[in-house]
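Residue numbers (the working numbering): 2 to 506.
Backbone N, C-alpha and C fix where the C-beta goes; we use that ideal spot for every residue, glycine too.
To keep things clear, I will list the structure first and then write my remarks on it.
Right, here's the structure in full:
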C-alpha cells in the first residue's frame, strides 16, 4: 500500500458550494480554484454548468485559467447537461444517475432498466466528444450490490474512465464501504473513487476504509463543506493517508491551512475551533502536563508536526497551565523571569482563570511586566489615531480610521455588515500593506448592566505564517472596545514579524 498514490478529487466548488447559505461569485470560485491548484489536487470539480448562467460562467473561467489540475463539470444523463459541460470547456465530465430503489421510484420515477439505458447513453454521448468520464451511481450505498455491479460493468463497457461509489446520505459504515469497493473492483478494471457524506460523522473513516479496500481516488471538500453535515474533509483524509497509512497523494500539505482560511473567508463558513488539522485549537495546548510534554518533545502530545500543514503550535495560559508552558510563552514575548518571579506569574494566572477570566496574550504580558517591574512596552507599530463610524436604519454601516503604521500615517474607509465589521475591514485595508492579518475569533461580554454598560471584547487574530495573538478591549462603546482589542492583537503580531525579519518590508 505504501507505494500507492491516491488521487484527490476536490468538490469544494460544487458539492461544497451546496452548503446551505453558501453562494460564490465566478471570481471567488476562480480564486479558490487557483488555490486548489497550488494545493496540487488532481481534479477540481468546478461546478454544475447547467445549474445557472453564473455557474456556467464560473466553470468556463476555471477551465480557461490554465491550471494544472483536471477541471471537471457535473452533469446528469441529459443531453442539455452534457452539452453545457462541454460548452464550458472542461476536460472531464462527472456523470451521475440514481440507482437505489427509493430514488428510482420516488425521484426519477423510472425502472432500473430505464436508468441503466440512460446511463449507457450518457457515457457514450460524452465519450464521443473526447472528454474523460467519471460515472457515479447516486445513492450507491442504498443500492442492491448486484444491481450496482451491473451499472458499473455496463458504463465501463460504454467507455467510462473512472467509477465513483457515492454514500449520498452518509449511511454507510467503514466495513460496508470496504465491501462495496471490493465488490465493484471484482467486475471493473478502471480506477474506483468514493464520495462520502458525513451525516453520521463517518465520511473520513469510510473514505479511508475504501482506500484500504482498493479505491484509488477520494472525493473531498476543504473544511468538510457540503450538503447537510458535509463531505469528507480534504485535510483529514490527506493527512490520515500520509501519517497513518503511509500512502501518498500529490497534495502540497504546507498549503492546507492557507487553503482552509481562504475557503472559510469566501464562503463565510467558520471552521469550528476543535476541527482536526485546520481548527484554531488543533495545535493548541493549555494543560500543564501536555505543554510540558510538547515542549520537551512535540510528538508526546501531537500526532504530526503543525508546520507540515502550514500551522504553528500555541500555548494557552489558564487554570490548567503549568510553569513550563507559561515560561515558554513569556520567553516568546521576550521575558526571562527568575523561578520566584515565574511562580508569582503562574499563581496570578491561575487565580484570574479560576474566576472565569479568559486570559489573552496582552493579559499575560501585563502580569509579567507588573511582577518583573518593567514599564509598558514602548514599541507600537500600529496605533489608532482616529475612528469614526456611521450606522443606522437604511444606512450602509461605514467606518473611517486614521492609523499610524510603522511610523507612517494612513487613512481608510470601508463598509461592512455592521459598524464593527466595517471598522475591521478599514483597518485591514491599511495593515495588508505589510501583513495579512485576519480576525479569527470575536467575543463580546457585558461587564455591567444598564444601557451604559461596560463592554469587554476579546479577539483572536492570526497571520498567514500561523502566528496567533489574543487581546482584550474594554469600554462603554462596543465599536471602540472592539477596535482597541483588534489593534492590540495586530500589534503583537506585527512586532513579532518585525523582530523575525528585521523590518516589515
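CA nearest to the CA of residue i, picked from the options
i: residue 68; options: 75, 31, 83 and 80; result: 31
i: residue 475; options: 415, 108 and 363; result: 363
i: residue 307; options: 86, 60 and 284; result: 284
i: residue 4; options: 313, 110, 439 and 243; result: 243
i: residue 312; options: 259, 225, 266 and 202; result: 259
i: residue 149; options: 159, 167 and 423; result: 167
i: residue 490; options: 481, 500 and 440; result: 440
i: residue 13; options: 34, 359, 276 and 26; result: 34
i: residue 262; options: 310, 207, 408 and 328; result: 310
i: residue 55; options: 36, 28 and 151; result: 28
i: residue 470; options: 481, 480 and 488; result: 488
i: residue 174; options: 371, 238, 203 and 93; result: 203
i: residue 332; options: 369, 357 and 304; result: 369
i: residue 219; options: 249, 228 and 200; result: 249
i: residue 232; options: 257, 277, 205 and 443; result: 205
Reduced DSSP secondary structure (H/G/I, E/B, other) of residue i
i: residue 273; result: coil
i: residue 180; result: helix
i: residue 362; result: helix
i: residue 398; result: strand
i: residue 65; result: coil
i: residue 248; result: coil
i: residue 392; result: strand
i: residue 300; result: helix
i: residue 9; result: strand
i: residue 440; result: strand
i: residue 497; result: helix
i: residue 2; result: Unreliable placement is indicated for residue 2, whose pLDDT of 46 sits below 50; the coordinate value is still reported in the next sentence. Three-state result, residue 2: coil.
i: residue 14; result: coil
i: residue 40; result: helix
i: residue 504; result: coil
Whole-angstrom C-beta distance between residue j and residue i, which should lie under 8 Å
i: residue 156; j: residue 193; result: In fact, because the Cβ distance is near 12 Å, the residues do not count as touching under 8 Å.
i: residue 164; j: residue 191; result: 6 Å
i: residue 216; j: residue 171; result: Incorrect: roughly 17 Å between the Cβ atoms, too far for contact.
i: residue 425; j: residue 445; result: So it is not a contact: roughly 13 Å between Cβ atoms.
i: residue 41; j: residue 251; result: 5 Å
i: residue 492; j: residue 383; result: 5 Å
i: residue 11; j: residue 235; result: 6 Å
i: residue 119; j: residue 78; result: 4 Å
i: residue 228; j: residue 20; result: 7 Å
Contact check, residue i vs residue j, beta carbons under 9 Å
i: residue 246; j: residue 189; result: no
i: residue 416; j: residue 435; result: no
i: residue 486; j: residue 472; result: yes
i: residue 344; j: residue 324; result: yes
i: residue 468; j: residue 497; result: yes
i: residue 61; j: residue 81; result: no
i: residue 39; j: residue 386; result: no
Residue i Cβ short of 8 Å to the ligand GTP heavy atom set
i: residue 22; result: Questions concerning the ligand GTP fall outside what the structure shown contains, since it holds no ligand whatsoever.
Pair every Cβ in the segment 398-405 with every Cβ in the segment 426-435, then say whether three or more of these pairs are closer than 8 Å. With the rule of 3 Cβ pairs closer than 8 Å, the segment 398-405 counts as touching the segment 426-435.
Three CB pairs or more closer than 8 Å across the segment 205-218 and the segment 177-196: At 8 Å Cβ cutoff, the stretches touch.
Between the segment 136-152 and the segment 92-101, do three or more beta carbon pairs fall short of 8 Å? Touching, per the Cβ criterion.
Counting pairs of Cβ atoms below 8 Å between the segment 75-95 and the segment 41-51, do you hit three or more? Yes, the segment 75-95 touches the segment 41-51.
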